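Taking it in order: structure first as structure tokens, then the write-up.
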Amino acid sequence: MKSKQATFILAMGLACTLVAWGKPLAVIGLFVVSGMAVGSLYALGGVGLVVLYRTTGVLNFASGAMGAAGVMLAWQLGQWGWYEPMTWVAGLALATGLSLFYGRLIAPHLAARDTVVKAVATLGFALIVLGATSFVWDDDVRSFTLPSDQMAIRLLGLRVTVTRLIVFLTTVALVIGIWVYLEHTRMGLQMRALANDRHISSLIGVRILKVETIAWGMAGFIAGFTGLMFGDLVRLEPNIITFVVIPSIAAAICGRLDSLGMVLIGGLFIGVLESLLTLSPWLKSVRTVAPFVVAIAMLVLLQSGNRLLFGRDE
Amino acid sequence: MKPRVTFGTAMLLMAAAAIMAFLPMILGGQWIKILTSAVCFSIAAAGAGFMYARLGMVSLAQVGLMGVGGWVVLRLNHGFDWPFEINLAIAAAVTTVFGWVLALPALRMRGLYLALITLMAASGLEIVFSTFRFPNGGEGFWGVLPSVAAPFRRPLLAQSDADYLRYVIGMLVLGFAVIEWHRQSAPGRAWAMIRRSEAAAMSSGVSVVYYKAWAFGLSGLLAGTAGGLLAGALGLLDPATFRASESIMLFALAVVGGARFWLGAVLAGVLYRVLPGLFNNWGWDADLTLVFFGAALLHALMTAPDGIAGQIHGLLRGRGGQKS
Amino acid sequence: MRRQIQSGIAALAFLALPGMAMAAGEAKVSCGTANGKAATGKPIKVGGIHGNAAPGDFSSSTDAAAAYFACVNASGGIHGRPVQYMVENDQWNPELAGQAASKLVQDEKVIALVGNGSFVEMSVNAPFYAKQNVMAMASACAVSECFESSNIVSTNQGPLASSIGAAMYAVETQKAKHVSCIGLAIPSVGNWSCGAVEKYMASKGLKGSSVLLNPGAPDVNAGLLEAVASGADAILVNLPAGLAIAFLRAAQEQDLRDKYQWTSSTPLYDESVPKALGKYWDGKMFINAELTPLDGKGADNQHWRSVMNAYAKAKSPRDTFSQSGYLSAKYFTQTLRAMDPAKLDDRAAVTAAIKKIAGYRSDLTCGPYYVGDSKQHMPNHAGTMVVVKDGAFKVVRSCYEYEGPYFQPLMVTEKSLKLR
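Protein sequence lines correspond, in order, to chains A, B and C. Throughout the first sequence, residue numbering follows this note's numbering, covering 5 to 318 in sequence. Throughout the second sequence, residue numbering follows this note's numbering, covering -10 to 313 in sequence. Throughout the third sequence, residue numbering follows this note's numbering, covering 10 to 429 in sequence.
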């Protein structure tokens, strides 16, 4: 696996170098930093997805929708004059609540089905949440700001707001923190066991309900935080925020749905490549395809040399 | 082995014949268009549905592949002088190959990866379509010029909207027949074995990758055909029809309708195209259709894995003890 | 005490005569012969298509047209007959747009379409309208097919004219030498309108370039950097409001406000925009308005507001599309009233009458409205520039006509119709 990771990193580095060849360094610097800013958004989304996948075995397509609902609520409460940090708490609480609702009430019914079905079910939940959010808040021009937007630093000529730094640092913190949690704590071990096989885990004494609640709650909190960040840094539109889950899945695929570090690296590379493609006159009109092409390439790389992996025997 | 004509098949053929004969005569212009569109999407839903039901393979790019088929039909129509059927056949073939190229990497991995790769492909296709649009008579490879609308040549048998609806229904029945033929011969048996246990299939000498690829190819063929027929319905295509979210919705509705049954595919097309129109007429917000479909999908996955069609079949079977 | 009794009786009298009060109220807003009689007789069938679903709501144009037609019906109708206005929602779905057109034109046999407002409807239905010989007097258009097909004519300007208006302001007032036009990567929208801006700049001996964004892309930063890297000194934002706000937020993040001259085409002219932009852009963002400013004092503008207040729902937006919907309905009514009453159900006669329109004027638009029998229709090609100031808009340049190579054929048509 390590060699495949190395291959991936090398290939991405090569692609980025090729695209940026011959352009002035100052311009490249601008686009690289801008790309890393976008890439860390993808990575944040991807990390949230992989965390839930590793702790419950469910790939949650609805994480974007939950985050969107949370940030819309935060915006609305801000409009009604609430104290700003309270609006963030409310938004995070809503996302966590939605996640817990799904995790405790709906996911157990599907626990015995295979991974694909569990993922497709979250699609259904995503549609419900997105439909409800769009219904409550009709299409209008809105803007969500955070106090950290005002402060910024300069990096390679580009002005990077503290909000973007927060995204990047949070993603790194999550990668490290979750790794420690899953590998070195008892609860983390129980979560991994649960994700692997729910029935057997309950037989050996893992408290299913407690572990699942913590896992879904954690994932919901991360989804809410991601939603707030997307609402500030991308656009405050529920439709857009919900479907940014797709490039996040691309970043998650780069981590093989397993290694959070690779999700971060993959997400950053995807962002940088997508940004650098602006410099290429032929490819700049389709540069937003970059996350998906990278994900597909990663999948091809992953399965090369594999023997067939069997699906579960029914 | 001679294909058996079951009660269900006989019902299908009779219903189709009756509908083809009478329905277009009593409907107005708008409903003919709605049903034509619904039938096209039923063909695509049949492709996605049978793959999910027989093999557990999830394709979240079915509408995107329809776009590929539609693109080819439009480009050939505006670029050359060939009849509609030839354009359609080429489009179906191109889409099949395109689907293979996409899916082969994921066929050796867990089912989740096929779903993910098709989702990535659907998103990529959405961007390509929205950037390069669909051919409308302009020159060059992409064939697009603003404000041009070159005429589209429909099949000779089906020039009017009503005749085109009959044509499309005929293609739907043909699609069901192809799937049924597959089910009752070697590929179908291989699929059933793979569904039971891939390990057992491999040890019996059945090449899992080969038959999975065959299934995906058939699904792509149906999608390409559906896209070509959709292009013929309007004479042009718009990228908004082929967003990634639409592929997701179509798959969801294929499951809700009942992936295992031909009736399920028909229901999927009806839900996909007729229901939003009805909601619109009743003045319900378009966003509520999303909630409805999401809830229906969850319900189908949790409590009714065979979908609405499965429940109908269960009712009928309970009454008469007939096997379908 | 007596005064209280008097006022009490007056109040009772007022309450007891609701009919008279209502009739008096309706007679105040009149859309025709002010005899206060409602129209009777065989309804005249008119259709309208709007787009209302994510990502945008274009329904205010048909809302306004519906309000106007309700007013017309209450004021005696057209030749005594009421207008039956049937509205369909295409939900931004091209198939639904085709089906809606089929329903209205083939099934309901409408004599014309009025107030259409959609992003997808025109490109799908333009050939259909031509084949069915029906005219669509649209109001909220954003694609080239709306302005470059034989059977659609709109009261609004669309992105091309509005962008050229903004570019003119950048060149003439802001003294820009190189304008970078930020548009949508859709051939019939962004490429079309920003391409025309480039041609206009070239005709002035200056430079123009385009940056085209994908509508669904989460990242607008790269587009901003592209504009920066192009060496422009003025940036023309030609995007739908949501995307434009995101783009300007990115520019704000980079603190680029004072490094460039900023203009925008008309989508940013909306009441919710100054608040969404914030104080940063105060006095720096110049926006082109395609119709008269919403708080204008002209007769038609006031009439529009009173018609909306009397006949439309309170939550229906009073925005530019609402103004243009009202105007399309008004011109349509005017045309039909000038026709022979016996021919009102004959679609071909109505189409011919609409095509003959030459020189309707209103204080809502800067120039005369005309149709003509041609493959191109853009009667509204003069506008106003406003600046974002103190949470609202301030006019900086009123009614000026747009120049540029795109408008030459239109000038020729107008000369032949004796409009200039």
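We treat Cβ as the ideally placed atom computed from N, Cα and C, and that holds for glycine. Values in this document were obtained by computation on a predicted structure and should not be read as measured data.
Neighbourhood of residue i by C-beta distance below 6 Å, restricted to the same chain and skipping five residues each side
i	result
residue 345 of chain C	87
residue 224 of chain B	141
residue 319 of chain A	The question about residue 319 of chain A has no answer here: the residues shown for chain A are numbered 5 through 318.
residue 61 of chain C	68, 98
residue 254 of chain C	285
Contact set for residue i: own chain, Cβ-Cβ below 7 Å, skip 5 residues either direction
i	result
residue 362 of chain C	344, 348
residue 197 of chain C	132, 152, 153, 154
residue 177 of chain B	171
residue 212 of chain C	413, 414
residue 371 of chain C	309, 336
residue 202 of chain C	168, 169, 172, 192, 247
Coarse secondary structure for residue i, derived from DSSP in three states
i	result
residue 173 of chain B	helix
residue 34 of chain C	Low confidence applies here, because residue 34 of chain C scores a pLDDT of 42, under 50, leaving its location unreliable; read the following figure in that light. Reduced to three states, the DSSP call for residue 34 of chain C is helix.
residue 301 of chain A	helix
residue 276 of chain B	helix
residue 95 of chain C	strand
residue 41 of chain B	helix
residue 182 of chain A	helix
residue 117 of chain A	coil
residue 431 of chain C	Given a span of 10 to 429 for chain C in the structure shown, any question on residue 431 of chain C remains unanswerable.
residue 320 of chain B	Chain B is shown from -10 up to 313; residue 320 of chain B falls before or after that span and cannot be answered.
residue 411 of chain C	coil
residue 87 of chain C	strand
residue 263 of chain A	coil
residue 76 of chain B	helix
residue 158 of chain A	strand
residue 428 of chain C	coil
residue 144 of chain A	coil
residue 139 of chain B	coil
residue 16 of chain A	helix
Contacts of residue i in chain A (Cβ-Cβ under 7 Å)
i	result
residue 102 of chain B	303
residue 276 of chain B	135, 138, 139
Closer than 8 Å at the beta carbon, the chain C residues around residue i
i	result
residue 22 of chain B	104, 107, 108, 111
Contact set for residue i: own chain, Cβ-Cβ below 8 Å, skip 5 residues either direction
i	result
residue 159 of chain A	37
residue 45 of chain B	100, 184
Under 7 Å from the C-beta of residue i: neighbouring residues of chain B
i	result
residue 110 of chain A	287
Per-residue contacts from residue i into chain B (C-beta, under 9 Å)
i	result
residue 262 of chain A	Per Cβ cutoff of 9 Å: no residues; residue 262 of chain A is ~12 Å from chain B at best.
Within chain A, the residues that residue i reaches when beta carbons sit closer than 8 Å
i	result
residue 120 of chain B	289, 290
residue 280 of chain B	131, 132, 135, 136, 139
Proximal chain C residues relative to residue i, where beta-carbon distance stays under 7 Å
i	result
residue 34 of chain A	234
Practice task
Residues of the stretch 37 to 50 of chain A with a CB closer than 8 Å to any CB of chain C: list them in chain order, please.
Solution key: 38, 39, 41, 42, 45
Problem - Residues of the stretch 193 to 215 of chain C whose Cβ lies closer than 8 Å to any Cβ of chain B, in chain order - result: 194, 195, 196, 197, 200, 201
Practice task
Check distances from the C-beta atoms of the stretch 58 to 78 of chain A to those of chain B and list, in chain order, the residues that come in under 7 Å.
Solution key: 63
Exercise for the section: Mind checking the stretch 229 to 254 of chain A against chain B and listing, in chain order, the residues whose C-beta falls within less than 9 Å of any C-beta there? Expected result: 243, 246, 247, 250, 251, 253, 254
Handout entry: Short-range partners of chain B found in the stretch 107 to 121 of chain C, where Cβ spacing is below 7 Å
Key = 107, 108, 111, 112, 115, 116
Exercise for the section: Report the residue ranges of all alpha helix (DSSP H) runs contained in full by the stretch 192 to 245 of chain A; include only those spanning at least 4 residues, in chain order. Expected result: 202 to 207, 212 to 237
Problem - Interface positions of the stretch 84 to 104 of chain C facing chain B (Cβ-Cβ less than 7 Å), listed along the chain - result: 98, 100, 101, 102, 103, 104
Practice task
Check distances from the C-beta atoms of the stretch 151 to 176 of chain C to those of chain B and list, in chain order, the residues that come in under 7 Å.
Solution key: 153, 154, 157, 158
Handout entry: Interface positions of the stretch 213 to 233 of chain C facing chain A (Cβ-Cβ less than 8 Å), listed along the chain
Key = 221, 223, 225, 226, 227, 228, 230, 231, 232
Practice task
Can you give me, in chain order, the residues of the stretch 224 to 256 of chain B that have a beta carbon less than 9 Å from any beta carbon in chain C?
Solution key: 224, 225, 226, 227, 228, 229, 230, 232
Exercise for the section: Taking only runs that begin and end inside the stretch 271 to 356 of chain C, name each unbroken beta strand (DSSP E) of 3 or more residues, in chain order. Expected result: 294 to 298
Problem - Complete runs of the beta strand (DSSP E) confined to the stretch 206 to 281 of chain C [at least 3 residues] - result: 216 to 222, 243 to 246, 270 to 273
Handout entry: Residues, ordered as in the chain, of the stretch 293 to 304 of chain C that lie near chain A by beta-carbon distance below 7 Å
Key = none
Handout entry: Every unbroken alpha helix (DSSP H) inside the stretch -3 to 55 of chain B [4 residues or more]
Key = 18 to 44
Practice task
Report the residues of the stretch 78 to 107 of chain B with a CB closer than 7 Å to any CB of chain A, ordered along the chain.
Solution key: 94, 95, 97, 98, 99, 100, 101, 102, 104, 105, 106
Practice task
Give the residues from the stretch 263 to 278 of chain C that approach chain A closer than 8 Å (Cβ to any Cβ), ordered along the chain.
Solution key: 263, 264
Problem - Contact set between the stretch 243 to 263 of chain C and chain A, restricted to residues whose Cβ is under 8 Å from the partner - result: 250, 251, 252, 254, 255, 258, 262, 263
Practice task
Counting only runs of 4+ residues fully inside the stretch 120 to 202 of chain C, write out the alpha helix (DSSP H) ranges in chain order.
Solution key: 130 to 141, 153 to 156, 167 to 181
Handout entry: Complete beta strand (DSSP E) runs within the stretch 81 to 105 of chain A (minimum length 3 residues, chain order)
Key = none
Practice task
Would you list, in sequence order, the uninterrupted beta strand (DSSP E) runs of no fewer than 3 residues that lie entirely inside the stretch 355 to 385 of chain C?
Solution key: 367 to 369
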